[in-house]
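Novice: Below you'll find the structure I mean.
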Amino acid sequence: MTATAVVLRNAPSSLDFPRASRLSRSVRAALLSLAMAAGAAPLCASAAEAAAEQARPYAIPAGQLGDVLNRFAREAGITLSATPAQTGGYSSQGLRGSFTVQQGLARLLADTPLEAEDQGDGSFVLREAPAKDGDVLNMQAVEVFALGNNLGSTDGYLATHSQIATKTSKPLLETSQTVSVITREQIDDTASKTVQQAMRYTPGIFTGQVGASNRYDYVVMRGFADNSVDNIYLDGLKAMGDSGTFSSMQVDPYFLERIDVLKGPSSVLYGRSLPGGLVALTSKKPLYEDYRQITGSIGNMGQKEMGFDFSGPLDEEKRIAYRLIGLGKGSDTQFDHVKEERYAIAPTLAIDFSDDTTLTLQGYLQHDPNGGYHGGVPADGTLSHHNGRHISREFFDGEPSKDDFDRTQRMFGYQLEHRIDDVWSARQNFRYLDSDVDLSQVYAYGWSASEPNKLNRYFSGAREHLQAYIVDNMLQAEFATGAARHTLLTGLDYQRRRTVVDWRSGSASALDAFNPVYGDDAISYFPDDNHTRRLEQTGVYLQDLIDIDQWRFSLGLRQDWVSVTDKNRSTGSKADDDWEKFTGRIGALYLFDNGLAPYVSYSESFNPNAYSDASGTPLAPTEGKQWELGLKFQAPGSNSFYTASLFHITQENVASKEPQDNFYTSVGEVRSQGLELEAHTQLSDNLKLLGSYTYTDITYTKSLDGNQGHTPNQAPKHMASLWADYAFDAGPLSGLSIGGGARYVGETWADKENTLRVPDYTLVDARIGYDLGKLGLKGLDVSLNANNLLDKDYVASCYSLDFCYFGEKRNVTATVNYQF
């Protein structure tokens, strides 16, 4: 087996040489094999020498030079020794095509004053190239923009960079705000079927807000549960669903490369957002080498799924590449009479017009003919006995003949990038969304007063059409002023959304919760409620990331103009509001030589209020403010990353009302403070570990409804998780991998009045996989996953005493992947 590494030896101290760029630490963070692989390299020198003489294809994307060299060394099977000071400050256009090792290194280092010296044993040492006559080398390390705004490498469960906090490629170690990344490998290993499920092992996030329902991705961050379905961004742009309707969008994780989570207020770059943070999805992009994968899975509850993922170049020069991903899946659910079904396809085309200009065209079409279960049952009967009996976790409170959720999403977008010169670059991201939702649902709402074992039921129906588009224009400059190096970003974004909704509601017959008999589907309808809802937002922002020696400063300012309109087409009334909001962010981080990085930051957010006052005017937007103090650590050369953060968030202008009123006032306030710990540890090439702990203390500090001093429901005070995965690569078990984890969720309140608690619970997950390539079946691997392995029966959370949600029962999935 060939060992590969980029070895950092005798790195110069900051007292002897100019300080390495802010990207040098990220280079270290990207190196999984570092010293261990370097130690094994002499044993494999002959193999490396042979590999060096053969040309092989590469498809390495643009990025920071250290990251690109690391990937090249890994793929080429060589050892390349370098220091962070050598590679820091330089970018690379990547490498596409077939090259020998010497040719590849020469191409990657062509625009730098560096060369790779062959040591004669299959290893190479990076050194300064001798200056040729007439050459004038500019040794000022100025970071050049890399097309693709490179996210750095991901190895196993560890990512080195993220765009989410700054809209630039920033090392996680140097970002003065908490960022968590769920890699593609983690998504696959945990068999996550929704974005919500993929974040189960991420600190600060509660994913059980609606229990076993998979219709939407609810992401409760740092205790803020209201509008949690509105936290999702895709490829840097807000998903643009309407959380005040049933038209919230969902992207299947099969189409994603990674998920980045930013904790805390984030309006300075994104405009309207929630104080708990946001979730950024990155879709799979075209590859410039042929890639083909087919996947299939089956499981309990009638699960079945088939998918394909094809990519590769379309021309000999490898300037144009495509990716085509498709998925079809369906299942019963743990709830009687309820199914889930989805069909989706995503074509993508990437065009490199030149070394300075790229365009990526993206499409996404998803149809969900059956949207699964989305109901709840009372606390009396779930958390406690009702007339001596418990409601079954398979109980369906609706009516089979009137249970329908059909959603179609159509999206088209592009990402255009152009490097103007060595200082300036420009980017534009655009997406258009068109969706249709048809809903018909009978649901339970409390116990009947006249029939003790029956639940009152009501009907909700909707036909909705949503159209939205969003564009983000960015201009970025990389330059130095004295000892300070700047990454200056300025932008203008615009978003517009129109939702036409026709809502029907009514009362339905009661249903026995312990002996349900379906078939009485008569509905007594209430008057129709038809609306046209509009939202428009324009924002301008400015951000400066400043590196001075070992200091990392971030400064950001933003001004937004927002218009919200709700026209009731049934009554002719109209409510609208226009307002503007200024937000900011400031952060400071100090990067020690040993990999410790303490930081402090302040950030703000705002979000339109969903409620109106006595005159029908929408309330002023909520405002979020956060102070965060944290410590990050990544030892030089380590592939482990640790984060500890203390946060204090205040959300103002929260809607509140007197119990006797039917209108709201924006006088409420919520305070959330706590601690988050996260560890991504790779102890060896074989063993990967994820660990997290969350403590969240969230309280209503101001309220008109008597809940001041109470804790919001669906906000666990304590959460913890641990996941481990081990892959055997030698001996009779070679090719086998096993993994498992445990998730603890502390008790929550069932209601805002804090009268009843939802018990805590611990869930166990497990997986086993085997690479059949070890048996001669190249490209074929199989895996078996079980979530909630011990089949614990539990209540995940309660929205109120009338709506509690059962957690997912044991879910077993067997998957086969074939790559060819």
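Those letters in the sequence shown? Residues -40 to -1, 1 to 780, per mature numbering (1 follows the signal peptide of the UniProt record, and there is no 0), in order. C-beta atoms are modelled at their ideal positions from N, C-alpha and C, and glycine is treated no differently.
1) Please classify Arg349 as buried or exposed, where buried requires at least 16 neighbouring CB atoms within 10 angstroms.
2) With distances taken between CB atoms, is the gap from Leu29 to Gln594 smaller than 7 Å?
3) Assign Ala66 to one of three DSSP states: helix, strand, or coil.
4) In the DSSP assignment, find the beta strand (DSSP E) that holds Ile546 and state where it starts and stops.
5) From this set, Leu309, Pro568, Arg182, which residue's C-alpha is nearest Thr577's C-alpha?
6) Whole-angstrom Cβ separation of Gln137 and Ser129, contact assumed at under 8 Å?
7) Starting from the C-beta of Ser572, find all residues in its chain whose C-beta is less than 8 Å away, skip the five residues before and the five after it, and write them out in chain order.
8) Give me the Cβ distance between Gly204 and Asp520, rounded to the nearest whole Å; I'm assuming they're in contact under 8 Å.
9) Phe215 to Phe439, Cα distance in whole Å?
10) Taking the alpha carbon of Trp511 as the reference point, which residue from Gly26, Trp539, Thr135 has its own alpha carbon closest?
11) Exposed or buried, what is Glu68 when buried is set at 16 or more other beta-carbons lying within 10 Å of its beta-carbon?
12) Tell me, please, whether the CB atom of Phe84 is closer than 7 Å to any CB atom in chain E?
13) Is the number of C-beta pairs between the region 303 to 313 and the region 332 to 341 that are closer than 8 Å three or more?
14) Apart from the five residues on each side of it in sequence, which residues of its chain come closer than 6 Å, Cβ to Cβ, to Lys362?
15) Determine the extent of the beta strand (DSSP E) in which Tyr340 is found, giving its start and end residues.
16) So, is Thr459 buried or exposed, given that buried needs 16 or more other C-beta atoms within 10 angstroms?
17) Short of 6 Å in beta carbon distance, which residues of its chain neighbour Val239, apart from the five on each side in sequence? Order them along the chain.
18) Tell me whether Gln594 sits in a helix, a strand or coil according to DSSP, three-state version.
19) At which residues does the alpha helix (DSSP H) containing Ser227 begin and terminate?
20) According to DSSP, which residues form a beta bridge with Val221?
21) Using DSSP's beta-bridge definition, name the partner residues of Met679.
22) What is the C-beta distance between Thr610 and Glu588, in whole angstroms, given that I count them as a contact (C-beta under 8 Å)?
23) What does the Cβ neighbour count give for Arg391, buried or exposed, with the cut at 16 atoms within 10 Å?
24) In the DSSP output, which residue or residues are listed as bridge partners for Val477?
25) Assign Gln693 to buried or exposed, taking buried as 16 or more other Cβ atoms, counted over all protein chains shown, within 10 Å of its Cβ.
26) Rounded to the nearest angstrom, how far is the Cβ of Ser173 from that of Tyr759, given a contact under 8 Å?
27) Measuring alpha carbon to alpha carbon, tell me which of Glu277, Val298, Ser271 ends up nearest Pro307.
28) By DSSP, does Ala(-6) sit in helix, in strand, or in coil?
29) Compute the Euclidean distance between the alpha carbons of Asp95 and Gln375, then round it to the nearest angstrom.
30) Return the CA-CA distance between Asp507 and Arg545, expressed in angstroms with no decimal places.
31) Below 8 Å on the Cβ atoms is my contact criterion, and I expect Gly516 with Gln497 to pass it. Report the Cβ-Cβ distance as a whole number of Å.
32) Taking the Cβ atom as the reference point for each residue, do Leu65 and Ala89 lie within a distance shorter than 7 Å?
33) Output yes or no for whether 7 Å exceeds the beta carbon distance between Gln146 and Asp177.
34) Alpha carbon to alpha carbon, how far is residue 796 from Pro213?
35) With a floor of 3 residues, list each beta strand (DSSP E) that falls wholly inside the region 277 to 319, ordered by position along the chain.
36) Check whether the region 644 to 654 and the region 676 to 686 are in contact - that is, three or more C-beta pairs closer than 8 Å.
Specialist: Taking the geometry as given:
1) Counting from 1 along the sequence shown, the entry for residue 349 is found at position 389. With fewer than 16 Cβ atoms within 10 Å of its Cβ, Arg349 is classed as exposed.
2) Locating residue 29 in the sequence shown gives position 69, counting from the first residue. Locating residue 594 in the sequence shown gives position 634, counting from the first residue. No, the pair does not count as a contact, with Cβ atoms beyond the cut-off.
3) For this step, residue 66 is matched to residue 106 along the sequence shown. The three-state reading of DSSP puts Ala66 in helix, counting H, G and I together.
4) In the sequence shown, counting from the first residue as 1, residue 546 sits at position 586. Element bounds for Ile546: 534 to 550.
5) The residue given as residue 577 occupies position 617 in the sequence shown. Minimum Cα-Cα distance from Thr577 among the listed residues Leu309, Pro568, Arg182 corresponds to Pro568.
6) Mapped onto the sequence shown, residue 137 falls at position 177. Mapped onto the sequence shown, residue 129 falls at position 169. Rounded, the Cβ-Cβ distance is 15 Å, inconsistent with contact.
7) Position 612 of the sequence shown, counting from 1, holds the residue named residue 572. So the qualifying residues of the chain are Ala535, Pro578, Leu579, Phe623, Tyr624.
8) Within the sequence shown, residue 204 is the residue found at index 244, counting from 1. Within the sequence shown, residue 520 is the residue found at index 560, counting from 1. 19 Å between Cβ atoms; not a contact.
9) On the sequence shown, position 255 is the one that residue 215 refers to. On the sequence shown, position 479 is the one that residue 439 refers to. Those two C-alpha atoms are separated by around 36 Å.
10) As a working note, residue 511 is residue 551 in the sequence shown. Answer by Cα proximity: Thr135.
11) Position 108 of the sequence shown, counting from 1, holds the residue named residue 68. The sequence shown places Leu at residue 68, rather than the Glu named in the question. Looking at its Cβ environment, which holds 16 or more other Cβ atoms inside 10 Å, Leu68 is buried.
12) Given the protein chain composition of this structure (a single chain), no chain E is represented.
13) Between the region 303 to 313 and the region 332 to 341 there are fewer than three C-beta pairs closer than 8 Å, too few to call the two in contact.
14) Counting from 1 along the sequence shown, the entry for residue 362 is found at position 402. Once the five neighbours on either side are set aside, the close Cβ partners of Lys362 are Ser400, Val402, Asp481.
15) On the sequence shown, position 380 is the one that residue 340 refers to. First, the amino acid is wrong: residue 340 is Asp here, not Tyr. Premise fails: Asp340 is in no beta strand (DSSP E) and is neither H nor E.
16) The residue given as residue 459 occupies position 499 in the sequence shown. Under this definition Thr459 is a buried residue.
17) As a position in the sequence shown, residue 239 is number 279, starting the count at 1. Within the same chain, Cβ atoms closer than 6 Å to the Cβ of Val239 are found at Val179, Asn191, Ile192, Val221, the five residues on either side in sequence being excluded.
18) In the sequence shown, counting from the first residue as 1, residue 594 sits at position 634. Three-state DSSP puts Gln594 in coil, outside helix and strand.
19) As a position in the sequence shown, residue 227 is number 267, starting the count at 1. 227 to 230 is the span of the alpha helix (DSSP H), which, as asked, contains Ser227.
20) Residue 221 sits at position 261 when you count from the first residue of the sequence shown. Ser140, Val239, per the DSSP bridge assignment.
21) Your numbering for residue 679 matches position 719 in the sequence shown. In the DSSP assignment, Met679 forms a beta bridge with Thr654, Val705.
22) One-based indexing of the sequence shown puts residue 610 at position 650. One-based indexing of the sequence shown puts residue 588 at position 628. About 13 Å separates the two Cβ atoms, so there is no contact after all.
23) Here residue 391 refers to the residue found at position 431 of the sequence shown. Buried, because 16 or more other Cβ atoms sit within 10 Å of the Cβ of Arg391.
24) Taking the first residue of the sequence shown as position 1, residue 477 is located at position 517. For Val477, which the question treats as bridged, DSSP gives no partner whatsoever.
25) Residue mapping note: residue 693 aligns to position 733 of the sequence shown, counting from 1. Note that residue 693 corresponds to Leu in the displayed sequence, not to Gln. Counting of Cβ neighbours within 10 angstroms places Leu693 among the exposed residues, the total staying below 16.
26) Locating residue 173 in the sequence shown gives position 213, counting from the first residue. Locating residue 759 in the sequence shown gives position 799, counting from the first residue. With 8 Å as the limit, Ser173 and Tyr759 do not qualify as a contact, their Cβ atoms being about 12 Å apart.
27) Translated into positions along the sequence shown, residue 307 becomes position 347. Of the listed residues, the one whose Cα sits closest to Pro307 is Ser271.
28) Taking the first residue of the sequence shown as 1, we reach residue -6 at position 35. Here the model assigns Ala(-6) a pLDDT of 33, short of 50, so the residue's position is not dependable and the matter cannot be decided.
29) Taking the sequence shown and counting its residues from 1, one reaches residue 95 at position 135. Taking the sequence shown and counting its residues from 1, one reaches residue 375 at position 415. For Asp95, the predicted structure reports a pLDDT of 40, less than 50, and the residue's modelled location is therefore unreliable. A value from the coordinates is still provided. So the two alpha carbons sit approximately 37 Å from each other.
30) Counting from one through the sequence shown, the residue named residue 507 turns up at place 547. Counting from one through the sequence shown, the residue named residue 545 turns up at place 585. Rounded to whole angstroms, Asp507 to Arg545 spans 17 Å at the Cα level.
31) Numbered from its first residue, the sequence shown carries residue 516 at position 556. Numbered from its first residue, the sequence shown carries residue 497 at position 537. About 17 Å; that fails the 8 Å criterion.
32) Along the sequence shown, read from residue 1 onward, the residue named residue 65 stands at position 105. Along the sequence shown, read from residue 1 onward, the residue named residue 89 stands at position 129. Ala89 sits away from Leu65, with the two beta carbons spaced by 7 Å or more.
33) Taking the sequence shown and counting its residues from 1, one reaches residue 146 at position 186. Taking the sequence shown and counting its residues from 1, one reaches residue 177 at position 217. Cβ atoms of Gln146 and Asp177: not closer than 7 Å.
34) Since the first and last residues shown for the chain are -40 and 780, residue 796 lies out of range.
35) Fully contained in the region 277 to 319 are the following beta strand (DSSP E) runs of length 3 or more, in chain order: 280 to 292, 299 to 314.
36) The answer is yes - the region 676 to 686 touches the region 644 to 654, with three or more Cβ pairs under 8 Å.
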